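These notes are about the structure you will find just below.
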Amino acid sequence: MSEEESVCEDLTRVPAPEKRENPELAGVSVVMNRWKGRTALVTGASAGIGAVIAKELVRHGMKVVGCARNVEKIQQLAEECKKADCAGSLIPMKCDLTNPEEIQSMFSAIKQQLKGVDVCINNAGLANAEPLLTGKTSGWKNMLDVNILALSICTREAYQSMKERGVDDGHIINLNSICGHYVLNMPDAHFYTGTKYAVTALTDGLRQELRGAKTHIKATCISPGVVETEFASRLFKDSPDKAAALYSQYKPLQAIDISNAIIYALSAPPHVQVGDMVIWPVEQDAV
Ligand SMILES: NC(=O)c1ccc[n+]([C@@H]2O[C@H](COP(=O)([O-])OP(=O)(O)OC[C@H]3O[C@@H](n4cnc5c(N)ncnc54)[C@H](OP(=O)(O)O)[C@@H]3O)[C@@H](O)[C@H]2O)c1
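1 is the number of the first residue of the sequence shown in our numbering; add one for each residue after it.
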């Protein structure tokens, strides 16, 4: 197998239509065809879950705008997709989501270059190890800015973009967490937990507003347990051992597992709206 084929193989856990052998999954791919040529925004596409979902959507033929601060990493992904002859394309955009003006400029650029957004995946998110009793205000603000405010701005702008183009079948997907549903006894993650509880409320509120607006645009959140990404090394930037420990106690989820869940939500029939998917590593302790 050539290097290019192996890149595409990596991206084919849910096989593209022509490679599909499992008839049970056939529906997924057939329905994903309806997103071919349409535009998705994936925030936080430079690493972890965002990088994998961006590549998956490109493989399914979408035009994907991937944004993050480290845009060169997305440029590299875009090159890989091109070489692997994926059906869609990845358009890297540099955006610091803590800056609302940069988010507005990104949406203007999307409008100019691609007309607008049909799918918005609010994936970017982070935890800083700042407990409630001792944490720094700046660390809390950073989590608020990215996990809540940027997610809400992108949601509003994506909805407005769909509305002005008469798009009635769009989809907004928020990366939540089991921390959006349970308070784990983990002081380093308590403020983060607060932001993810907000994501639960914001997704349910969004679904109600979309209903109120009589649209068929869907709102979904995906709530994973531990996923092996850069998340832990960013959370425990000063203690790599702690970061490594998080992924070595049991087999964690992989980014592709979450990406497959997102593909499932996107491929559900028009009358089916996935509200929330809570996904645990089998060996992670329940709370
Ligand atoms: N990993 C887990 O165990 C886990 C579990 C449950 C939920 N989640 C959620 O899943 C989502 C993705 O996390 P991940 O595990 O893939 O984390 P990751 O590997 O650390 O990736 C985080 C992404 O967010 C982007 N980001 C962070 N701050 C940003 C900013 N100011 N502006 C623009 N982009 C920013 C990063 O890009 P740059 O640094 O290049 O800007 C990166 O692309 C998050 O919402 C997280 O809360 C993760």
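Backbone N, C-alpha and C fix where the C-beta goes; we use that ideal spot for every residue, glycine too. Treat the numbers as computed from the prediction; the structure is a model and nothing was measured.
**Study point:** Buried or exposed by the 16-neighbour rule on C-beta atoms within 10 Å, applied to Thr137
**Key:** exposed
Practice item. Return the Cβ separation of Ala84 and Gly66 in integer angstroms, given the expectation that the two are a contact with Cβ distance under 8 Å. Key: No, Ala84 and Gly66 are not in contact; Cβ-Cβ is about 16 Å, not under 8 Å.
Practice item. Let me know the secondary structure DSSP gives Ile222 once reduced to three states. Key: strand
Review point. Cα-Cα, which of Asp257, Thr229, Phe191 is closest to Ser132?
Key: One detail in the question is off: residue 132 reads as Leu in this sequence, not Ser. The shortest Cα separation from Leu132 among Asp257, Thr229, Phe191 belongs to Phe191.
Review point. Are Ile49 and Ile258 closer than 7 Å when you measure CB to CB?
Key: yes
**Study point:** Delimiting residues of the beta strand (DSSP E) encompassing Leu41
**Key:** 39-43
Practice item. Give the range of the alpha helix (DSSP H) segment to which Gly88 is assigned. Key: Run containing Gly88: none; DSSP gives neither H nor E here.
Point to revise | Delimiting residues of the beta strand (DSSP E) encompassing Gly125 | key: Per DSSP, Gly125 belongs to no beta strand (DSSP E) and is neither H nor E.
Exercise for review: Answer yes or no: do Leu97 and Ala78 have a C-beta to C-beta separation smaller than 7 Å?
Suggested key: no
Point to revise | Separation of Leu126 from Val146, as counted between CA atoms | key: 7 Å
Review point. How many Å lie between Ala311 and Gly180 at the Cα?
Key: The displayed coordinates of the chain run from 1 to 287. Any statement about residue 311 would go beyond what the structure contains.
Check your understanding: From this set, Lys63, Leu144, Asn142, which residue's C-alpha is nearest Lys115's C-alpha?
Key -> Lys63
Check your understanding: Should Asp290 be listed as close to ligand 1, given that the test is whether its C-beta is under 6 Å from any heavy atom?
Key -> Residue 290 falls outside the range modelled here, since the chain spans only 1 to 287, and no answer is possible.
Point to revise | Contact belief for Pro281 with Leu253 at Cβ below 8 Å, rounded distance in angstroms | key: 5 Å
Review point. Hey, how far is the Cα of Gly288 from the Cα of Arg38?
Key: Since the first residue shown for the chain is 1 and the last is 287, residue 288 is missing from the structure and cannot be characterised.
Exercise for review: Starting from the C-beta of Glu283, find all residues in its chain whose C-beta is less than 7 Å away, skip the five residues before and the five after it, and write them out in chain order.
Suggested key: Tyr250, Lys251
Practice item. Could you tell me the distance, in whole angstroms, from the CA atom of Ser267 to the CA atom of Glu56? Key: 13 Å
Check your understanding: With 16 as the cutoff for other CB atoms within 10 Å, does Asn123 come out buried or exposed?
Key -> buried
Exercise for review: Can you grab the Cα-Cα spacing for the pair Leu289 / His171, in whole Å?
Suggested key: Residue 289 falls outside the range modelled here, since the chain spans only 1 to 287, and no answer is possible.
Check your understanding: Hey, would you say the C-beta of Val335 is under 6 Å away from at least one heavy atom of ligand 1?
Key -> Outside the modelled stretch of the chain, which goes from 1 to 287, sits residue 335, for which no answer is possible.
Point to revise | Backbone secondary structure at Gln254 - three-state DSSP | key: strand
Check your understanding: Among Val183, Asp188, Gln208, Pro269, which residue has its Cα nearest to the Cα of Phe236?
Key -> Asp188
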